[in-house]
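Q: The structure is given below, and queries will be raised subsequently.
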Amino acid sequence: MGQQIINGLFLGSIYALFALGYTLVFGVLDILNLAHAAVFMLASFVALALVGHGIPILLALPLAVLFAGLLGVALERIAFRPLRGRADSNISGLISSLAMATVFEAVALEIWGPNISRFPFGTVPETQFSLFGGVVSKLQLAIIAVAVVLFLALTWLVKATRLGREVRAVAESPRAARILGVDVDRAISASFFISSALGGAAGVLFGLAFNSISPDMGRSVELKGLAVIILGGMGSMPGAVMAGFALGLTEVFVVANLGASWRDAVSFAGLFLVLVLRPRGLLGTAALREA
Amino acid sequence: MHFAGRSSLFVAMALAAVGPARAETVVKIGAALSMTGPAAVYGATQKAGILAAVDEINKSHMLKGVKLEAVIEDDASTKEQGIAVFQRFINRDKVAAIIGPTLSNTATAADPLAQAAGVPVVAVSNTAPKGITDIGDHIWRVSLTEYQVIAPALKRMQARLGFKKAGLLYGNDDAFTQAGYNVMKASLEATGIAIVGTQTFAKPDKDYNAQLTALKALSPDILMVSALAENAAGIVAQARQLGWNVPIWGGNGFNSPAFIKNAGPAAEGVYVGTAWNKASTDKANQDYLALMKSRGVDPDQFCTQAYVGVHVIAEAIKLSGMKGTRAAIVAGFHKVKDLPTPLGTFSFNKDRDGDHAPSLQQVKDGRFQIVP
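For the protein sequence lines, the chains are A and B, in the order given. Under my numbering, read the first sequence as residues 34 to 324, first letter to last. Under my numbering, read the second sequence as residues 77 to 448, first letter to last.
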């Protein structure tokens, strides 16, 4: 039981990290960045390449996260900014981000090939602890901690800093924000940087945790991430984290008690129920922002 | 009479001398191998085995007047690509026989095309007991089915280590791993070992912690896993990370050096049944090992079975009068009996499946070693 809770928290923290970035951009721009999973994947490969060049993982991880953030800024410039202000920019942005995802995947395929790549053994120390009658590795513990710390940092950033206020103002109304002197482009750029950096961090940690990196690794998390942000309430960060952990725990207990074939069926049936009973998600405030 | 014999010998020698100038019959063998996708680790070594056998047969002029030519295509580990490759072999390349495809899953979809077109197929790595050779009389198999490998080895190990309870974990979205599970279940039941728990996963999965934790709680004496090499490495690594040191017995999907490489130290001690006893001192095996060494290849079971597949086709060509047509090769297969190969003395049984003695191996010091 204790072990299954650890397993679920660990899986959930990866979903939560991935979904945090996803929901940040969604909250600000009201659009889905479908290239998020591709950034997740590329960051993992970049960390792998850095480790391959003899750079220790503690340095490779922040470098790969920085790379992911910059990739996010570039992504916004190429796929979203040119379309902004058009009547149908939500749908066209969705499609252009899908196109960028395809490009990123093709680049990864070209450089690293279709097969599974792996970090060399001993990249992270394999120390284990006993906890609540279960076993947890240092890496798993670190991943859970990173997810919680990044969530707290992001919450502080959005709530208490000038940048955070600007981002929230843009989320409310880009036009009003601009009238009040907010540099809207800069605020959106910054959101993309943070969002993609979070996605990148999730990617590197995922690659380390399961030691399995491939150009299509983002796909398995993409749909789960989408479910998590819907479940948590579109655009709500505490909601995304809560829903991430909830999904991780649900999956683990479904697999252990009903079998792996039921995992997605139960998860998505739960999502469906939430959508029917509480359309704005667990902690959603979307209904308040109809203007 | 005596003189006539000698003169015909001279004629034969003269013909042999001008041999290369004379047109040889080229017999094309198509090989559908997984060079990409989840089974890519097997396809690469199969290719090495096929090329080695073709070169060896051509160089030795074992088939007088016949030259083998291998046409190798990637089946991408999928049914769709497997079907496309088979169609190309049958209609465009007009091959005399097909080796492959790598996965049983692909074979169930592609083999019926060859059966309908009257092209003989030699399966060199399909181990699903049902649904391969029962497709039709043109489908033959060199590889042992999982049951042929697992049941005898399990019986021996049970006698030695006295397993009483077993846990099972298998991929339930693939014909090969599903069939492996059925065999493990049947073998366990036949050996009188109780199955205390069964868990499943899917090919794209990377996290097996939930399944392993649930099985660990039932404390079986042995964990049997039917998985492809990519999943296998993750499963074994995560089991050991959970601090679970149960003996693990892997299905045929574990049977690759790639599994040991990817699982690293966690692979130590894992049992895998095998169709090929690498340590065999038979002449056929020693000659084969020397040949592969000279080509710089470290062979595994899949490489060896592919190599034997080509030799079985060559034997069938020889036994059917060097015609090398599709029908003649099928006729030749019926006559193949007690052929010395690196796998042991090889025959087909009445179901057109391969028949020879299996072995058991265990990972020790990063390599598979035969358990005596």
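Glycine included, every Cβ here is placed at the ideal spot set by N, Cα and C. Note that the structure is a prediction, hence the values are computed from the model and not measured.
Given P114(B), which residues of its chain have a CB within under 7 angstroms of its CB, disregarding the five upstream and five downstream residues?
A: If we look at P114(B) and ignore the five residues flanking it on each side, its Cβ neighbours are S153, K279, L304 and E306.
Q: Does the CB of A290(B) have a neighbour CB from chain A at under 8 angstroms?
A: Cβ-Cβ to chain A under 8 angstroms: yes for A290(B).
Q: Distance cutoff 8 angstroms, beta carbons only. Does A382(B) sit that close to anything in chain A?
A: Not closer than 8 angstroms to any Cβ of chain A, the Cβ of A382(B) fails to qualify, so no.
Q: Could you check whether the Cβ of A279(A) sits closer than 8 angstroms to any Cβ belonging to chain B?
A: Chain B contact via Cβ: absent.
Q: Given N361(B), which residues of its chain have a CB within under 6 angstroms of its CB, disregarding the five upstream and five downstream residues?
A: Contacts found: P418.
Q: Any beta-carbon of chain A closer than 8 angstroms to the one on K282(B)?
A: So yes, K282(B) belongs to the interface.
Q: What residue from F330(B), V161(B), L415(B) and H214(B) has the CA that sits closest to A390(B)'s CA?
A: Among F330(B), V161(B), L415(B) and H214(B), the Cα nearest to that of A390(B) is on L415(B).
Q: Quick one: grab the DSSP three-state call for D150(B).
A: Here D150(B) sits in strand by DSSP.
Q: Tell me the rounded alpha-carbon separation between E109(A) and V72(A).
A: Going from the Cα of E109(A) to the Cα of V72(A) covers about 12 angstroms.
Q: Going by Cα to Cα distance, which pick from S122(A), L231(A), G314(A) and T156(A) is closest to G102(A)?
A: That would be L231(A), whose Cα lies nearest to the Cα of G102(A).
Q: For P333(B), would you say it is in contact with chain A, using Cβ-to-Cβ distances shorter than 8 angstroms as the test?
A: No - not a single Cβ of chain A is within 8 angstroms of the one on P333(B).
Q: Can you tell me whether S245(A) is buried or exposed? The criterion is at least 16 other CB atoms within 10 Å of its CB, across all chains shown.
A: Result: buried.
Q: Give the straight-line distance between the Cα atoms of L244(B) and L280(A), rounded to the nearest whole angstrom.
A: Spanning the two alpha carbons is a distance of roughly 26 angstroms.
Q: What are the start and end residues of the beta strand (DSSP E) that includes K155(B)?
A: Unbroken run through K155(B) is the alpha helix (DSSP H), K155 to Q163; no beta strand (DSSP E).
Q: Short of 6 angstroms in beta carbon distance, which residues of its chain neighbour L395(B), apart from the five on each side in sequence? Order them along the chain.
A: Hits under 6 angstroms: G408 and K411.
Q: Is F277(B) close to chain A? Criterion is C-beta to C-beta, closer than 8 angstroms.
A: With 8 angstroms as the cut-off, F277(B) counts as an interface residue toward chain A.
Q: Using only alpha-carbon positions, find the residue among I227(A), V288(A), L44(A) and G236(A) that is nearest to A93(A).
A: Residue G236(A) is the option with its Cα nearest to A93(A).
Q: Residues of chain A with CB under 7 angstroms from R340(B), in chain order?
A: In the sequence on display, residue 340(B) carries Gly and not Arg. The answer, in chain order, is F154.
Q: For the region 363–412 of chain B, list the alpha helix (DSSP H) runs that are entirely contained and at least 4 residues long, ordered along the chain.
A: Qualifying alpha helix (DSSP H) stretches, in chain order: 377–395 and 402–411.
Q: Indicate the three-state DSSP secondary structure (helix, strand or coil) for E159(A) in the structure shown.
A: Coil.
Q: To test your reading of the DSSP string, which unbroken beta strand (DSSP E) runs of 3 or more residues are found completely within the region 288–336 of chain B?
A: Qualifying beta strand (DSSP E) stretches, in chain order: 298–302 and 324–326.
Q: Cβ atoms of G125(B) and A334(B): under 8 angstroms apart, would you say?
A: No, these two residues do not count as a Cβ contact at 8 angstroms.
Q: Return the first residue and the last residue of the beta strand (DSSP E) that T239(B) is part of.
A: First, the residue type needs correcting, since residue 239(B) is Phe and not Thr in the sequence shown. It is not in any beta strand (DSSP E) - F239(B) carries neither H nor E in the DSSP assignment.
Q: If you compare alpha carbons, which of V130(B), A172(B) and S110(B) is closest to I159(B)?
A: Closest by alpha carbon: S110(B).
Q: Chain E partners of T121(B), CB-CB under 7 angstroms?
A: Protein chains A and B are contained in the structure displayed, whereas chain E is not.
Q: Check the DSSP bridge columns for W216(B) and list the partner residues they point to.
A: In DSSP, W216(B) forms a bridge with V198(B).
Q: Please report the straight-line C-alpha distance between A97(B) and K143(B), rounded to a whole angstrom.
A: Confidence in A97(B) is poor, its pLDDT being 45 and thus under 50, which makes the residue's placement unreliable; the coordinate value appears in the next sentence. In a straight line, the C-alpha of A97(B) is about 13 angstroms away from that of K143(B).
Q: Put A97(B) into one of helix, strand or coil per three-state DSSP.
A: At A97(B), the pLDDT of 45 sits below 50, so the modelled position is not reliable and the matter cannot be decided from this model.
Q: Pop quiz: K104(B) and V147(B) are said to be a contact at Cβ under 8 angstroms. What is the actual Cβ separation, rounded to whole angstroms?
A: So it is a contact: roughly 6 angstroms between Cβ atoms.
Q: Specify, as a first and last residue, the run of the beta strand (DSSP E) that A302(A) falls within.
A: From DSSP, A302(A) is part of no beta strand (DSSP E) but of the alpha helix (DSSP H) over R296 to L310.
Q: Within 10 angstroms of its Cβ, does N40(A) collect 16 or more other Cβ (buried), or is it exposed?
A: Answer is buried; the Cβ neighbour count reaches 16.
Q: Taking the CB atoms as reference points, tell me whether V168(A) and G340(B) lie closer together than 8 angstroms.
A: No; because the gap between Cβ atoms is not below 8 angstroms, this pair is not in contact.
Q: In three-state DSSP terms, what is E132(B)?
A: Note: E132(B) maps to helix in three-state DSSP.
Q: Mind checking if A93(B) is an interface residue toward chain A, Cβ cutoff 8 angstroms exclusive?
A: In this prediction, A93(B) has a pLDDT of 46, which is less than 50 and means its spatial position is unreliable; what the coordinates show is noted afterwards. With 8 angstroms as the cut-off, A93(B) does not count as an interface residue toward chain A.
Q: Say yes only if the C-beta of P418(B) is nearer than 7 angstroms to one or more non-hydrogen atoms of the ligand GTP, and no if none qualify.
A: Of the ligands one can find in the structure shown there are none, so the ligand GTP has no counterpart to examine.
Q: Any C-beta of chain A sitting closer than 8 angstroms to the C-beta of Q287(B)?
A: Judged by the 8 angstroms Cβ criterion, Q287(B) is in contact with chain A.
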